[in-house]
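Residue numbers (the UniProt record's numbering): 1 to 392.
For glycine and all other residues, C-beta sits at the position ideal for the given N, C-alpha and C.
Predicted model, so just to flag it, every value in this text is computed and none were measured.
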């Protein structure tokens with residue numbers, strides 16, 4: 001009895017397992033096959049144009065720095081304490097031509113000068129009676145000179161003494177020596193007061209009011225602000241095309257274009273940059289301010305480059321490498337760069353008729369199959385797209 005039950009259970013399990021296996025196989029056979037789809041060939045279009053050389057007129061564009069027409073050091077010609085003038089002795093302070101900038105303490109010099117003038121007046125008083133007797137023609141002239149002398153003013157011009165006897169008389173009485181000694185002291189007194197030689201501003205101040213300065217000490221540096229120029233470093237190779245008197249265009253950010261004239265060319269080349277400085281005087285224009293130290297873009301007249309071609313700078317990589325299209329595939333080629341502009345460059349070195357890619361390509365390599373984009377067809381597509389967008 002037990003064997004029958006065991007046999008029955010075993011047979012039932014075998015049948016059940018076999019049926020499950022058959023059903024699984026059946027279901028698997030009914031499942032549709034999901035094979036990998038073949039990759040579709042992606043056609044890449046590139047902008048390219050055939051190499052065709054011609055004579056190109058290329059402008060020279062460079063950055064120039066605004067400089068002052070005059071840069072002067074304010075040097076002390078006397079020693080003493082610095083006293084205030086009409087202008088604040090501070091960096092950035094502006095002044096007009098003729099303004100009193102500062103004074104070096106001068107009270108002692110003034111008193112000494114007045115003392116010498118007093119002695120001189122006494123000497124003149126002593127010779128006037130002799131002049132009346134011995135030189136009556138010169139008496140009235142010297143009397144007038146005596147009366148014009150003011151202790152607080154400069155000495156008037158000494159009357160002429162062409163007469164030899166009068167000359168000897170004046171020299172023997174010490175009149176000539178005293179007169180020119182006073183004039184010398186007047187010049188020394190002038191050195192204690194400093195006045196602006198032009199409209200300008202202080203760019204650096206080394207000694208402020210109240211400081212003591214020695215003779216020869218540099219009190220400050222100043223620049224002229226009503227006469228500005230542009231110093232433009234230009235590669236020596238291109239500077240030969242720039243001539244004195246050439247009119248140039250000057251561009252300032254946020255302002256209308258300015259214009260100027262080439263006034264000087266440096267007769268030497270900077271050994272570090274191998275550039276030559278060109279100096280441009282900019283025409284004044286109301287409402288446009290130029291400040292010394294700022295940089296402006298300058299465009300000089302064009303010069304001829306024979307047998308060359310111009311393409312966008314973005315089409316060039318690895319300094320001088322471009323992609324060309326040969327038999328429908330990309331191929332690298334080296335070019336000879338003649339001149340680099342802001343957004344383009346001028347080159348030669350490729351055979352005419354070769355198609356050179358004129359756009360930047362990303363994530364591509366040689367032997368990539370490409371098709372040259374028809375510029376006219378591309379323009380038509382863009383125009384149609386814009387028309388459809390307006391219609392919608």
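Reducing DSSP to helix, strand and coil, say where residue i ends up.
| i | result |
| --- | --- |
| residue 411 | There is no way to answer for residue 411, as the model of the chain reaches only from 1 to 392. |
| residue 238 | helix |
| residue 77 | coil |
| residue 35 | Residue confidence for residue 35 is low, a pLDDT of 47 falling below 50, so the modelled location carries little weight; the figure read from the coordinates is stated next. Coil, per DSSP. |
| residue 139 | helix |
| residue 156 | coil |
| residue 44 | strand |
| residue 125 | helix |
| residue 268 | coil |
| residue 149 | coil |
| residue 168 | helix |
| residue 14 | helix |
| residue 299 | strand |
| residue 89 | coil |
| residue 176 | helix |
| residue 374 | coil |
| residue 119 | helix |
Can you pull the DSSP bridge partners for residue i?
| i | result |
| --- | --- |
| residue 395 | Because the chain here runs from 1 to 392, residue 395 falls outside it and cannot be looked at. |
| residue 100 | 195 |
| residue 344 | 312 |
| residue 336 | 348 |
| residue 49 | 356 |
| residue 259 | 249 |
| residue 222 | 72 and 202 |
| residue 212 | 81 |
| residue 369 | 329 |
| residue 54 | 308 |
| residue 62 | 298 |
| residue 94 | 201 |
| residue 282 | 260 |
| residue 228 | 68 |
| residue 322 | 333 |
Of the choices the options, whose alpha-carbon is the least far from that of residue i?
| i | options | result |
| --- | --- | --- |
| residue 86 | 209, 359, 132 and 203 | 209 |
| residue 317 | 345, 326 and 290 | 345 |
| residue 181 | 159, 193, 114 and 125 | 114 |
| residue 225 | 57, 53, 47 and 68 | 68 |
| residue 293 | 256, 237 and 228 | 228 |
| residue 57 | 339, 150, 349 and 111 | 339 |
| residue 150 | 240, 260, 120 and 341 | 120 |
| residue 154 | 218, 169 and 184 | 184 |
| residue 401 | 142, 369 and 152 | Look at the range of the chain in this structure, 1 to 392, and you will see that residue 401 is not part of it. |
| residue 76 | 132, 313, 106 and 319 | 106 |
| residue 109 | 216, 188 and 260 | 188 |
| residue 341 | 282, 172 and 238 | 238 |
| residue 102 | 79, 111 and 122 | 79 |
| residue 97 | 319, 142 and 198 | 198 |
Taking residue i and residue j to be in contact with their CB atoms under 8 Å, please state how far apart those CB atoms are, rounded to whole angstroms.
| i | j | result |
| --- | --- | --- |
| residue 304 | residue 246 | Actually they are not in contact, since the Cβ atoms of residue 304 and residue 246 sit about 15 Å apart, beyond 8 Å. |
| residue 220 | residue 99 | That belief does not hold up - the Cβ atoms of residue 220 and residue 99 are roughly 13 Å apart, past 8 Å. |
| residue 145 | residue 159 | 5 Å |
| residue 353 | residue 51 | 6 Å |
| residue 70 | residue 175 | Rounded, the Cβ-Cβ distance is 42 Å, inconsistent with contact. |
| residue 309 | residue 347 | 6 Å |
| residue 74 | residue 271 | The pair is not a contact, with the Cβ atoms about 32 Å apart (cut-off 8 Å). |
| residue 296 | residue 364 | Residue 296 to residue 364, Cβ: 39 Å. No contact. |
| residue 123 | residue 131 | Wrong, their Cβ atoms sit about 12 Å apart, outside the cutoff. |
| residue 127 | residue 173 | 5 Å |
Is any heavy atom in the ligand MN found nearer than 8 Å to the beta carbon of residue i?
| i | result |
| --- | --- |
| residue 65 | As far as ligands go, the structure on display features none, and thus does not contain the ligand MN. |
Problem set entry | Three-pair Cβ contact test at 8 Å for the region 61 to 78 versus the region 150 to 166 | no
For this session: Report yes or no: do three or more beta-carbon pairs, one from the region 326 to 344 and one from the region 281 to 293, lie closer than 8 Å?
Result: no
Exercise. Is it true that the region 266 to 279 meets the region 227 to 241, where meeting means three or more beta-carbon pairs spaced less than 8 Å apart?
Worked result: yes
Problem set entry | Validate contact between the region 209 to 222 and the region 257 to 268 using beta carbons, cut 8 Å, 3 pairs | no
Exercise. Does the region 113 to 128 come within contact of the region 238 to 257, defined as at least 3 CB pairs closer than 8 Å?
Worked result: no
Problem set entry | the region 319 to 330 / the region 356 to 375 touching (three or more Cβ pairs under 8 Å) | yes
For this session: Evaluate the contact criterion for the region 90 to 104 versus the region 193 to 207: three or more CB pairs, one atom per stretch, below 8 Å.
Result: yes
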